Amino acid sequence: MAASTTVTVRMSETLKERLGLLAEKTQRTQSFLAERAIAGYVERELEMMTAVEEGLEDFRTGNVVPHEEAMRQIRETIAKYES
3 MAASTTVTVR
13 MSETLKERLG
23 LLAEKTQRTQ
33 SFLAERAIAG
43 YVERELEMMT
53 AVEEGLEDFR
63 TGNVVPHEEA
73 MRQIRETIAK
83 YES
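Residue numbers (our numbering): 3 to 85.
Here is the structure:
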(Lines of atoms letter the chains of each structure in order from A and count residues from 1; the text may use other names and numbers.)
(Lines give C-alpha, C1' and ligand atoms only; values in the text may rest on other atoms or scores of the structure.)
Protein backbone atom coordinates (compact mmCIF):
# COMPACT_ATOMS: atom_id res chain seq x y z
CA MET A 1 0.00 0.00 0.00
CA ALA A 2 1.27 3.47 -0.89
CA ALA A 3 2.27 5.81 1.89
CA SER A 4 -0.34 8.38 2.80
CA THR A 5 -0.50 11.69 4.57
CA THR A 6 -3.22 13.81 6.13
CA VAL A 7 -4.69 16.96 4.60
CA THR A 8 -7.30 19.15 6.25
CA VAL A 9 -10.02 20.41 3.92
CA ARG A 10 -12.68 22.98 4.71
CA MET A 11 -16.08 22.37 3.14
CA SER A 12 -19.64 23.44 3.67
CA GLU A 13 -21.73 21.51 6.14
CA THR A 14 -24.03 20.52 3.28
CA LEU A 15 -21.18 19.02 1.28
CA LYS A 16 -19.91 17.18 4.36
CA GLU A 17 -23.36 15.71 4.93
CA ARG A 18 -23.63 14.64 1.29
CA LEU A 19 -20.17 13.09 1.44
CA GLY A 20 -21.27 11.18 4.51
CA LEU A 21 -24.40 9.99 2.71
CA LEU A 22 -22.36 8.84 -0.28
CA ALA A 23 -19.93 7.05 2.02
CA GLU A 24 -22.81 5.27 3.71
CA LYS A 25 -24.47 4.26 0.44
CA THR A 26 -21.22 3.03 -1.13
CA GLN A 27 -19.88 1.48 2.06
CA ARG A 28 -16.67 3.47 1.65
CA THR A 29 -15.03 5.88 4.03
CA GLN A 30 -15.33 9.61 3.58
CA SER A 31 -11.54 9.75 3.34
CA PHE A 32 -11.51 7.22 0.51
CA LEU A 33 -14.15 9.14 -1.44
CA ALA A 34 -12.49 12.51 -0.83
CA GLU A 35 -9.12 11.16 -1.96
CA ARG A 36 -10.66 9.75 -5.15
CA ALA A 37 -12.44 13.02 -5.88
CA ILE A 38 -9.33 15.13 -5.30
CA ALA A 39 -7.17 12.77 -7.36
CA GLY A 40 -9.58 12.97 -10.29
CA TYR A 41 -9.76 16.75 -10.08
CA VAL A 42 -5.97 17.14 -9.90
CA GLU A 43 -5.41 14.84 -12.89
CA ARG A 44 -8.01 16.64 -15.03
CA GLU A 45 -6.62 20.06 -14.17
CA LEU A 46 -3.02 19.01 -14.85
CA GLU A 47 -4.06 17.49 -18.20
CA MET A 48 -5.86 20.72 -19.11
CA MET A 49 -2.89 22.87 -18.11
CA THR A 50 -0.54 20.68 -20.14
CA ALA A 51 -2.84 20.92 -23.18
CA VAL A 52 -2.98 24.72 -22.88
CA GLU A 53 0.80 24.93 -22.56
CA GLU A 54 1.22 22.70 -25.64
CA GLY A 55 -1.27 24.85 -27.55
CA LEU A 56 0.58 28.02 -26.63
CA GLU A 57 3.86 26.46 -27.74
CA ASP A 58 2.28 25.45 -31.06
CA PHE A 59 1.06 29.03 -31.49
CA ARG A 60 4.51 30.45 -30.70
CA THR A 61 6.15 28.13 -33.26
CA GLY A 62 3.50 28.75 -35.93
CA ASN A 63 2.17 25.20 -35.81
CA VAL A 64 -1.44 26.29 -36.32
CA VAL A 65 -4.35 25.63 -38.68
CA PRO A 66 -6.27 28.59 -40.10
CA HIS A 67 -9.80 28.94 -38.70
CA GLU A 68 -11.44 28.25 -42.06
CA GLU A 69 -9.51 24.99 -42.46
CA ALA A 70 -10.32 23.86 -38.94
CA MET A 71 -14.03 24.56 -39.48
CA ARG A 72 -13.97 22.68 -42.80
CA GLN A 73 -12.43 19.65 -41.08
CA ILE A 74 -14.99 19.82 -38.26
CA ARG A 75 -17.91 20.05 -40.71
CA GLU A 76 -16.57 17.08 -42.71
CA THR A 77 -16.21 15.00 -39.54
CA ILE A 78 -19.75 15.86 -38.41
CA ALA A 79 -21.12 15.06 -41.88
CA LYS A 80 -19.60 11.55 -41.73
CA TYR A 81 -21.64 10.74 -38.63
CA GLU A 82 -24.89 12.41 -39.71
CA SER A 83 -25.42 10.03 -42.61
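In this text, a Cβ means the ideal position worked out from N, Cα and C, and glycines have one as well. These numbers come from a predicted model, not from an experiment.
For the stretch 19-62, list the beta strand (DSSP E) runs that are entirely contained and at least 3 residues long, ordered along the chain.
-> Runs of the beta strand (DSSP E) inside the stretch 19-62: none found.
For the alpha helix (DSSP H) that contains residue 73, what are its first and last residues?
-> On the sequence shown, residue 73 is found 71 positions in, with the first residue counted as 1. Membership of residue 73 in the alpha helix (DSSP H) is indicated by the continuous run 69-84.
Output yes or no for whether 8 Å exceeds the beta carbon distance between residue 25 and residue 17.
-> The residue you call residue 25 lines up with position 23 of the sequence shown. The residue you call residue 17 lines up with position 15 of the sequence shown. No, these two residues do not count as a Cβ contact at 8 Å.
In the structure shown, what three-state DSSP assignment does residue 16 receive?
-> In the sequence shown, residue 16 corresponds to position 14, counting from 1. Helix.
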